[in-house]
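In order, the protein sequences belong to chains A and B.
Residues in the first sequence are numbered from 6 upward in steps of one, following my numbering.
Residues in the second sequence are numbered from 16 upward in steps of one, following my numbering.
Using N, Cα and C, we set each Cβ at its ideal position, and we do this for glycine too.
All figures in this text were calculated on a predicted structure; none of them were measured in a lab.
These notes are about the structure you will find just below.
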Amino acid sequence: MVSEIFLYTGIVFFFSASLLSLLKRLNPLVYILSLAGSLCLAIVALYLLFAGPQLADITLKLSSIFEFSFGGDALSGLFILIISILVFSVSIYSIGYTRGMEKKGLMGLLFNLFVLSMYGVVLSRNIITFLILWETMSIVSYFLVTFERDDKSAKAGLVYAVMTHIGTAFIIVLFLLLYSYSKSTDFSDMKAMASNIPQDVKNIVFIFSIIGFGTKAGIVPIHTWLPRAHPAAPSNISSLMSGVMIKTGIYGFLRVGMDILGNGPEWWGITILIIGAISSVLGVMYALMEHDMKRLLAYHSVENIGIILLGLGASLMFKSNGLYTLSAIALIAGLYHTMNHAVFKGLLFLGAGSVMHATHTKNMEDMGGLIKSMPYTGLFFLVGSVSICALPPFNGFVSEWLTYQSLLLGFKNPSIAAKIISPLGGAALALTGALAAACFVKAFGISFLGMPRSSHAQDAEEASPPMISGMAILGFLCLVLGIFPGTVSNIIAPVSFIITGSYGMPSYSGFIFVNENSAGLSPQFLLITMVIMAIAVLVFIYTVGGKRKITIADSWDCGIPSLTPRMQYSATAFTKPIRMIFKRIYLPRRDLSVSYIVKPFFVKSIRYSGEITPFFERYLYEPGVNLIHRIAVKVRLLQSGSLQLYLGYILITLILLLVFGS
Amino acid sequence: MEYLQFLIIIILSPLVNGIIKKLKANMQGRVGPGILQPYFDLTRLFKKDMVVSHVTSWVSRLTPYIVFSSTVAATMVVPVVSNNVAFSTMADLIAIVYILGLGRFFMALGGLDAGTAFGGEGSSREVTVAVLVEPMMMLALFTPAISAGSTNLLKVSGQEVALYTPSHLLAFSAFLVAIIAETGRIPVDNPDTHLELTMIHEGMLLEYSGRYLALMEWAHYIKQMLLFTLAVDIFFPAGITSSGDPLSIVISTGIYLLKVLFMAFLMATIESTRAKMRFFQLPSLLGGAFVLALLSLLSYVMMGR
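Structure, rendered in C-alpha cells:
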C-alpha cells in the first residue's frame, strides 16, 4: 500500500515537472521535482526488492486486449533503483547544465517524459503496455538525440530511429509468438505457459530477443547507432541514455530470455557468452581509436554491455545444466555490472558534458591541462575512469571480479565446449580490461593532464556547483558500490532468486565470498591497507630523508628551451602502437601528401590524414543500405505522380480483393 | 608473527634486484656493482632534493604513493614462507593482477602529466605491452586456478601437483614471459637504459626525482619479487609451511630464498643471452606465450592434468 502511494506521488512529480517545464522561468524547479520523483521511485524499488508482498498490478482496461497493466517484481525493482540513482544525480546536474540553454522548456519536458517512459518500461506487466512505452521511450529519445538542430544530429537521429525500429519489429514478433501459445498478453501468464512452447519456437523467440533487445543494448554488430546517437544528444541526456536507457535492453532480455522462457539448452548461454566477448573486445577497441570524448564513452557502453552479457551468458549456461547456485552467482555478476556501469558511465558522461561546456569542443586533441582549471571535474572524471577500468577499490572491479569467478566456475559445466569457452571468455575480459585501462589513460591523460593544446582548453572554467554536485554523488557511489560489495549483492540477490531460484552466495557488508570455489574479495580491506601503507611510507620517508627542498622547474626538454604544447604526445600518437598491432582489426588507412619547393630537400607543406575503417558500417550496413536504395529506385516506377494511375491501382486492388476475398 | 611475512618481500626486494644485476654482470664478464647497491641508491634518492615540473598536477604527486601502497597491499595477501597469511580470504590471484593494474594505471598517467614526449611515449608503450600481457597472464593463471578449483592463492599453492604436469609446465612458460614483460626486462624492455628510443618503464619515470623516484623504483623491485613469489607459490609450492613453530619457518624461509634465487638466476640468464626485441616484434613473443597458455588450458581440459 505504502509503495503504491510512493509510486503515484513519484508519477505526479514527474508529470508536474513536465508541465512546469513549459514555464521557462521555473527551470530549476523542474529538475527539483524530477529529483523528488526519483526519490519516491527509489523507495518503490526498495519495496519491490525487499518487501514480501509485491506491487499489486494496476490495470487500466480499455478493451479486452487493449489494457494497460503495471506492476513489479524484484527484477523491475532493481532496474527502477538503477534508473532512480542516475535520474537523481542527473537532475541535480541538469539544474546547472540547462542554465542558459536555448529551448530549456522543451528539454525539461522531454527529460521528464523520457524518464517516465523508462520507468514505465520496467514496470509494464503485459505486451501492450510494454510495447507502447518502449516506443514512447524510443521516440522521446529520438527527439533528444536530434535536440541540437544540426546535420550531424539529424543523421544520428535517423540511424537511431531506423535501427531501434528494426529492433522493435523483432520484439513485436517474439511477443506475438509467445502470445500465440499463452493466449494471454500478461507476462506472468506467459511465464506460466512457457513450458507448453515447443523447443524450436523457444529458440526462435530467444534469438529474436537477442536481436530485438540487443539493438537497444548495443551489442556488436548492431551497435552502430550507439556511437552516433549518444554523442549527439545533450550531455545530461547522453548520461541517461548510456547509463540506463540501454539497460532497458538488458532488462527486456532478462525478462523474456531468462524469466519468461525459463530453462533453455546450453548453446543459449554459449551464444550470449560469445556475443558478450565479441562486443566487449570490439567495443573497447573502437573506443580506443576515438578522440571525440563522447563517442569514446559511447563505444565503452558497447564494451560494458558485452561484460554484462558475459555474466548473463555464464548464468544461462549454468542454469541449463541445473547448477542453480552458480547460475545465481553469474547473474549477480552481470546485474552488479549493470548497476556499476550505470553509475560510472553516467558520471563520465556528466564529466564529458562539463568539459564540453567549458571548452566547447569534444575533440581531445584540443584539450589538455584541464585538471588545473577544472579540478573537481578532473577528480570525478578520474574516479569514473578508475572505476570503468575495473581497478580496485572502485565498483567496476568487484563486478568484473565476480564475472571472472563465474567464468572460471564455468569449468563445473559437464560439456567440453563450456569448459573451454568460459575461461576464454575470461581471457577476453582480461584483454578488455587492459584495453580499457589504455583507453582511459589516454582519455584522462590527454584531456586533463599536460599542457593546454588550444585556447579553448586554456580558458576553460570549472563547472557550476549543481553540475559538480551531480558528479560528486555518482563519484561517491562508485566508491560505495566498490567497498560494500556484500550489501550490493544482497540488494541484487532477490532478483537472482526469482530468475534462478537461488540467492547465490552469502554476503557480508564489506565482503563477498563464493563458497563454490572459496574465493573471496574485500575491497574495503584493500582501501584501508593502502591508506595505512601510504601513511607508513610517508612517515618512513621523513625519518630517512628528513624534510627536503622541492624545486619547481620546467619539464625535461632535452636542453631545447621551452617545450610547447604541440610537442606533447597526442591522442593519435598514444594509440598508434595499438593501431599497428591490431591492424587486422582496424584496417588503418593513411594519406600522406608532401609538396616541395625543391624536391626532395625543401618541404613546403605536409598533409597527413589517417583513419581506421569503420568495418561494420562499410561491409555490413553499406551494402544493405545500397540494396534498399536500388530497390527503392525500382519501386519509384510505380510512383508516377499521376492521380489517374493511383486511382487505377486502387481499382485493381479492389478487384483483386473481390476475386480472392470471396 | 607469520602475518608480517610480507616484510620479507619489501625488505629483500632491492637485494634481489642487486643479485640479478651482479649475475648479469658476471655472465657478461664484468665485475658489476655490489649486490647491496640498490639499497644505497634508494637511500641516496630518499635524501635528495626534488625537482618537480610546473606542468604537473596533483596526479603525479599522488602516483608514487598509490603505486607503492598498492604494490605493498598486493604482497600482504601472498603466502611467502607460511600459509598463515593475514588476509587469507583476500589472497586472490585475479585481485592481485588488478591491484598491480591500479599501480600501472597511475604510473602511466604520471608519464603524461608533465606534458613531455618521453613520458607520453613511455605511457603509450607501457599500456600497449599491458594489453598484450594481461590476457596471456590471466590465461596462464587460469589453469592452476581451475585445477585447484579456486583462484585463492592458498588453495592454488596447496595442491600437490607441481611443474611435472604438462598443463602446469606450459602455464609456467607463459607466466615466465609475463614476468619478463611486467618487470620490464629484456627482450621486452631494457632496465639499464635511459636511451629515449627504447625505454618503456624508465620513460614514464623520467620526470620523477628524489623520494618520488625512490618510491617508484622500490615499488618496482617489490613488484618483481612479488611476481617471483607468485610463480614459485603457484608452480613450485613445496616448502611453504603451515605450522607456526620457529624452526619450520626458518627452514621454509631458506627454501623460499633458494627458489627466489633460482628465479633471479633464470632472469639474469635470459637477459644475458637474449637481445632486446624491436617494439613491434613483441606481439609475436607475447602472442606465442598466449598460445602456450591456451595449450596449457586445453591440455588440462582434454587430458585432465
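With 16 as the cutoff for other CB atoms within 10 Å, does residue i come out buried or exposed?
i, result
"B:Val46", "exposed"
"A:Tyr668", "With chain A running from 6 to 667 in the structure shown, residue 668 of chain A is simply not present."
"A:Glu9", "exposed"
"A:Cys563", "exposed"
"B:Asp248", "buried"
"B:Asp207", "exposed"
"A:Asp264", "buried"
"B:Arg200", "buried"
"A:Pro628", "exposed"
"A:Phe71", "exposed"
"A:Phe75", "buried"
Using a Cβ cut-off of 9 Å, pull out every chain B residue sitting near residue i, in sequence order please.
i, result
"A:Asn522", "Ala160, Ala163, Gly164, Ser165, Thr166, Asn167, Lys170"
"A:Ile555", "Asp64, Met65, Val66, Val67, Gly225"
"A:Ile283", "Under the 9 Å cutoff, chain B gives no residues; its nearest Cβ is about 15 Å from A:Ile283."
What separation, rounded to the nearest whole angstrom, lies between the Cα atoms of residue i and residue j?
i, j, result
"B:Tyr315", "B:Ser182", "6 Å"
"B:Leu127", "A:Leu65", "59 Å"
"A:Asp156", "A:Pro232", "16 Å"
"A:Lys581", "A:Ile611", "19 Å"
"A:Gly646", "A:Leu138", "37 Å"
"A:Val17", "B:Pro79", "52 Å"
"B:Val203", "A:Met535", "30 Å"
"A:Met246", "A:Phe606", "53 Å"
"A:Ala439", "B:Ala88", "21 Å"
"B:Met240", "A:Ala56", "51 Å"
"A:Arg130", "A:Leu83", "15 Å"
"A:Arg635", "A:Met168", "20 Å"
Can you name the residues of chain B whose CB is closer than 7 Å to the CB of residue i?
i, result
"A:Pro419", "Going along chain B, no residue has its Cβ under 7 Å from A:Pro419, so there is no contact; the nearest lies around 12 Å."
"A:Gln463", "Here the premise fails: no neighbours, minimum Cβ distance about 13 Å."
"A:Val585", "It should be noted that the sequence gives Met, not Val, for residue 585 of chain A. By Cβ distance, chain B contributes Phe295."
"A:Ala3", "With chain A covering 6 to 667 only, the question about residue 3 of chain A has no answer from this structure."
"A:Cys394", "Phe120"
"A:Trp139", "In chain order: nothing, as chain B lies at least about 37 Å away."
"A:Phe518", "Thr104"
"A:Val388", "Within 7 Å Cβ-Cβ: nothing; A:Val388 doesn't reach chain B, min ~12 Å."
List the residues of chain A that residue i touches, going by C-beta distances under 8 Å, in chain order.
i, result
"B:Phe83", "Met538, Ala539, Val542"
"B:Arg140", "Pro582"
"B:Pro298", "Ile586"
"B:Met292", "Here the premise fails: no neighbours, minimum Cβ distance about 13 Å."
"B:Leu117", "Val391, Leu396, Pro397"
In chain C, which residues lie with their C-beta within 7 Å of the C-beta of residue i?
i, result
"A:Met572", "Here the protein chains are A and B, and chain C is not one of them."
Would you say residue i touches the ligand COA, meaning its beta carbon is less than 6 Å from a heavy atom?
i, result
"A:Ala395", "Annotation note on the ligand COA: not contained in the displayed structure, which lists no ligands."
For a contact defined as C-beta to C-beta under 7 Å, what are the partners of residue i on chain A?
i, result
"B:Ser72", "Ile376, Lys377, Leu454"
"B:Glu197", "The contacting residues do not exist; B:Glu197 stays about 12 Å from chain A at best."
Below 8 Å on C-beta distance, what does residue i contact in chain B?
i, result
"A:Ser527", "Phe102, Thr104, Met105"
Practice item. Spell out a yes or no on whether the region 518-537 of chain A and the region 30-43 of chain B are touching, meaning 3 or more CB-CB pairs, one atom from each, closer than 8 Å. Key: Contact fails: fewer than three Cβ-Cβ distances are below 8 Å.
Review point. What are the complete beta strand (DSSP E) segments, minimum 3 residues, inside the region 530-559 of chain A?
Key: Qualifying beta strand (DSSP E) stretches, in chain order: 555-558.
Check your understanding: Pairing CB atoms from the region 590-605 of chain A with CB atoms from the region 158-171 of chain B, are three or more of them under 8 Å?
Key -> no
Review point. Can you give, in chain order, each stretch of the alpha helix (DSSP H) that sits fully within the region 269-356 of chain A and has at least 4 residues?
Key: 271-293, 298-325
Check your understanding: Which ranges does the alpha helix (DSSP H) cover as unbroken runs of at least 4 residues, wholly within the region 390-441 of chain A, from first to last along the chain?
Key -> 400-414
Review point. Of all the beta strand (DSSP E) runs that stay within the bounds of the region 488-525 of chain A, which reach a length of 3 or more residues?
Key: Complete beta strand (DSSP E) runs here, min 3: 516-519.
Exercise for review: Report yes or no: do three or more beta-carbon pairs, one from the region 283-299 of chain B and one from the region 254-262 of chain B, lie closer than 8 Å?
Suggested key: no
Check your understanding: Can you find at least 3 beta carbon pairs, one from the region 337-349 of chain A and one from the region 489-509 of chain A, that sit closer than 8 Å?
Key -> yes
Review point. Counting Cβ pairs closer than 8 Å, one from the region 461-470 of chain A and one from the region 89-105 of chain A, do we hit at least three?
Key: yes
Review point. Three or more beta-carbon pairs under 8 Å between the region 260-272 of chain A and the region 287-294 of chain A, yes or no?
Key: Verdict: no, contact absent.
Review point. Below 8 Å, can you find three or more Cβ-Cβ pairs linking the region 448-462 of chain A to the region 320-336 of chain A?
Key: no
Practice item. Check whether the region 569-584 of chain A touches the region 133-140 of chain B, counting contact only when three or more Cβ pairs, one atom from each stretch, lie closer than 8 Å. Key: Touching, yes.
Practice item. Could I get the ranges of all uninterrupted alpha helix (DSSP H) runs contained in the region 613-643 of chain A, with 4 residues as the minimum, in chain order? Key: 627-640
Check your understanding: Quick one: any contact between the region 135-154 of chain B and the region 296-314 of chain B, if contact means 3 or more CB pairs under 8 Å?
Key -> yes
Practice item. Determine, using beta-carbon pairs with one atom in the region 214-232 of chain A and one in the region 174-187 of chain A, whether at least three such pairs fall under 8 Å. Key: yes
Point to revise | Length-filtered (4 minimum) alpha helix (DSSP H) runs lying within the region 587-617 of chain A | key: 588-591
Point to revise | Three-pair Cβ contact test at 8 Å for the region 184-192 of chain B versus the region 104-114 of chain B | key: Touching, no, given that fewer than three Cβ pairs across the two stretches are closer than 8 Å.
Check your understanding: Counting pairs of Cβ atoms below 8 Å between the region 612-621 of chain A and the region 483-492 of chain A, do you hit three or more?
Key -> no
**Study point:** Touching by the beta-carbon criterion (3+ pairs, under 8 Å), the region 62-73 of chain B and the region 647-661 of chain A
**Key:** no
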